[in-house]
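Residue numbers (this note's numbering), protein chains in the order written: chain Y, 226 to 356; chain G, 344 to 693. Positions of the beta carbon are idealized from the N, C-alpha and C atoms, including for glycine. On a predicted model such as this, the values are computed, not experimentally measured, just so you know. Report on the following structure.
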Ligand SMILES: [Zn+2]
């Protein structure tokens with residue numbers, strides 16, 4: 226379960242895919258950081274991550290954590306976006322056996338989890354096959 | 344001053360269920376339903392999709408075509424009868440996700456199947472009044488029919504979004520007209536999971552009376568006839584009603600077909616005629632005139648006349664097209680999966 230406050234704070238990342246690009250050395254952080262671990266810089270610009278990319282690696286979750294049990298088996302992958310940034314995300318709208326390393330995926334806005342039938346719904350990004 | 348659509352986009356979920364799959368569970372005759380409703384299959388949302396997620400995708404496609412800064416959008420109106428929250432507007436989340444917050448007006452609309460065209464109507468009117476440069480109207484639904492009910496064969500999911508503005512208009516809105524009466528053909532009371540309808544009463548005094556009156560009065564007010572239009576889009580509770588309405592009004596089949604999505608999409612309620620309009624805008628040529636009439640039980644009908652401009656050709660392929668989403672790569676599911684996706688299976692409470 227994601228706490229409502231944390232979920233709300235992370236809106237720029239979960240809703241709008243905003244990363245922080247170090248003004249000193251250009252390293253991109255997602256989620257953003259306060260200090261760059263490469264050049265110790267503290268100045269960042271907002272960069273919106275690319276909307277598609279390729280599956281670099283993935284795993285299929287069969288024993289899901291609470292809140293995700295109805296979705297099992299489901300895939301979680303590391304996606305190399307077209308701007309070079311790597312991010313982790315769920316890959317949906319496909320059977321796990323249809324997935325392949327190198328396959329193209331694009332981002333879509335989805336429900337990630339909800340705090341039960343009467344609680345807050347948490348939204349964010351997932352990936353779906355491009356075709 | 345001319346106002347109209349400056350950006351549009353639709354979203355169709357990938358999952359589908361065929362009429363045969365539903366009919367076999369309830370011992371119904373599939374060919375009778377397919378022929379009676381002129382409907383073969385319908386879209387089904389994934390468990391992680393709802394009105395908010397589909398609205399975000401449709402709005403992003405509209406923004407891509409409009410090519411505007413989302414911060415310039417002054418209002419967002421989402422029309423739906425399946426807003427995920429009973430209390431907390433869908434528009435707040437969609438506005439934040441597309442980067443339009445916080446300087447904007449937001450309200451969720453509800454009027455059975457015509458809530459989407461209402462959002463479009465109010466968005467258009469505010470821009471016309473000069474209150475704001477751009478306003479976003481969305482129609483979206485993930486509607487449910489009660490298991491075994493006739494509505495289960497058609498209740499589907501989808502969304503369409505329209506950004507209204509005054510600059511670089513893709514389709515100028517030339518006329519609008521609305522027709523509204525108190526007609527109890529379809530309703531859902533508070534806390535009820537499924538809607539109820541008055542069976543055969545839903546046809547003549549409801550859908551046809553309102554939609555035909557809306558179309559006729561709109562054409563009379565604007566001095567137009569069916570010959571003045573290249574396309575007409577009518578609300579699609581099934582495949583049959585809009586075709587019959589077209590015939591009565593004197594629109595030949597070829598003016599209806601492009602926006603006639605119901606046979607493979609189903610009834611997307613608030614998304615229905617707006618998605619039909621987006622499918623027409625995908626192929627319309629400069630100078631074409633489009634007549635659109637929604638219908639919402641309760642009852643009312645909103646009518647629009649749009650004239651397509653030169654600017655349309657540049658943006659038609661800029662975002663995923665409606666029929667391309669409908670026709671490419673559907674994932675067919677069985678009734679068990681559908682029941683699980685739509686929360687129709689009673690489980691242990693956690
Ligand atoms: Zn750095």
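Less than 8 Å between CB atoms is the rule here; does residue i satisfy it with respect to chain G?
i: residue 317(Y); result: yes
i: residue 295(Y); result: yes
i: residue 174(Y); result: Coverage of chain Y is limited to positions 226 through 356, which leaves residue 174(Y) absent and any answer about it impossible.
i: residue 381(Y); result: Outside the modelled stretch of chain Y, which goes from 226 to 356, sits residue 381(Y), for which no answer is possible.
i: residue 322(Y); result: no
i: residue 329(Y); result: no
i: residue 246(Y); result: no
i: residue 356(Y); result: yes
i: residue 231(Y); result: no
i: residue 234(Y); result: no
i: residue 252(Y); result: no
i: residue 311(Y); result: no
i: residue 288(Y); result: no
i: residue 346(Y); result: yes
i: residue 351(Y); result: yes
i: residue 241(Y); result: yes
Quick check: residue i and residue j, are their CB atoms within less than 8 Å of each other?
i: residue 637(G); j: residue 456(G); result: yes
i: residue 353(Y); j: residue 317(Y); result: yes
i: residue 537(G); j: residue 580(G); result: no
i: residue 452(G); j: residue 641(G); result: no
i: residue 493(G); j: residue 610(G); result: no
i: residue 314(Y); j: residue 350(Y); result: yes
i: residue 458(G); j: residue 434(G); result: no
i: residue 405(G); j: residue 477(G); result: no
i: residue 481(G); j: residue 502(G); result: yes
i: residue 423(G); j: residue 465(G); result: no
i: residue 576(G); j: residue 633(G); result: yes
i: residue 522(G); j: residue 382(G); result: no
i: residue 342(Y); j: residue 321(Y); result: no
i: residue 307(G); j: residue 416(G); result: Because chain G is modelled from 344 through 693, residue 307(G) falls outside the range shown and cannot be assessed.
i: residue 240(Y); j: residue 274(Y); result: no
i: residue 278(Y); j: residue 266(Y); result: no
i: residue 407(G); j: residue 662(G); result: yes
i: residue 519(G); j: residue 614(G); result: no
i: residue 437(G); j: residue 386(G); result: no
i: residue 460(G); j: residue 612(G); result: no
i: residue 479(G); j: residue 504(G); result: yes
i: residue 643(G); j: residue 553(G); result: yes
i: residue 572(G); j: residue 590(G); result: no
i: residue 601(G); j: residue 623(G); result: yes
i: residue 244(Y); j: residue 280(Y); result: no
i: residue 594(G); j: residue 569(G); result: yes
i: residue 337(Y); j: residue 348(Y); result: yes
So with Cβ pairs under 8 Å, would you call residue i a contact of chain Y?
i: residue 394(G); result: no
i: residue 360(G); result: no
i: residue 389(G); result: yes
i: residue 679(G); result: no
i: residue 581(G); result: no
i: residue 427(G); result: yes
i: residue 442(G); result: yes
i: residue 439(G); result: yes
i: residue 400(G); result: yes
i: residue 672(G); result: yes
i: residue 357(G); result: yes
i: residue 411(G); result: no
i: residue 436(G); result: yes
With a cut-off of 8 Å on the beta carbons, I'd call residue i and residue j a contact; round off their distance for me.
i: residue 295(Y); j: residue 390(G); result: 7 Å
i: residue 282(Y); j: residue 303(Y); result: 5 Å
i: residue 448(G); j: residue 418(G); result: 4 Å
i: residue 409(G); j: residue 354(G); result: Not confirmed; about 16 Å, so no contact.
i: residue 356(G); j: residue 388(G); result: 5 Å
i: residue 411(G); j: residue 384(G); result: With 8 Å as the limit, residue 411(G) and residue 384(G) do not qualify as a contact, their Cβ atoms being about 36 Å apart.
i: residue 180(Y); j: residue 346(Y); result: In the structure as shown, chain Y begins at 226 and stops at 356. Residue 180(Y) is therefore absent and cannot be evaluated.
i: residue 491(G); j: residue 369(G); result: 5 Å
Going along chain A in order, which residues have a C-beta closer than 7 Å to the C-beta of residue i?
i: residue 334(Y); result: Of the protein chains in this structure, namely Y and G, none is chain A.
> Counting pairs of beta carbons, one from the segment 651 to 658 of chain G and one from the segment 508 to 528 of chain G, are three or more of them closer than 8 Å?
Replying inline: yes
> Which parts of the segment 487 to 555 of chain G are runs of the alpha helix (DSSP H), unbroken and 4 residues or longer, counting only runs that do not cross its ends?
Replying inline: none
>> To test your reading of the DSSP string, which unbroken beta strand (DSSP E) runs of 3 or more residues are found completely within the segment 556 to 639 of chain G?
In response: 574 to 577, 632 to 636
> What beta strand (DSSP E) runs, 3 residues minimum, are completely inside the segment 297 to 327 of chain Y?
Replying inline: 299 to 306, 311 to 316
> Which full runs of the alpha helix (DSSP H) of 4+ residues lie inside the segment 397 to 473 of chain G, going along the chain?
Replying inline: 433 to 440, 458 to 471
>> Pairs of beta-carbons, one from the segment 501 to 511 of chain G and one from the segment 527 to 537 of chain G, closer than 8 Å: are there three or more?
In response: no
>> Check whether the segment 364 to 376 of chain G and the segment 665 to 685 of chain G are in contact - that is, three or more C-beta pairs closer than 8 Å.
In response: yes
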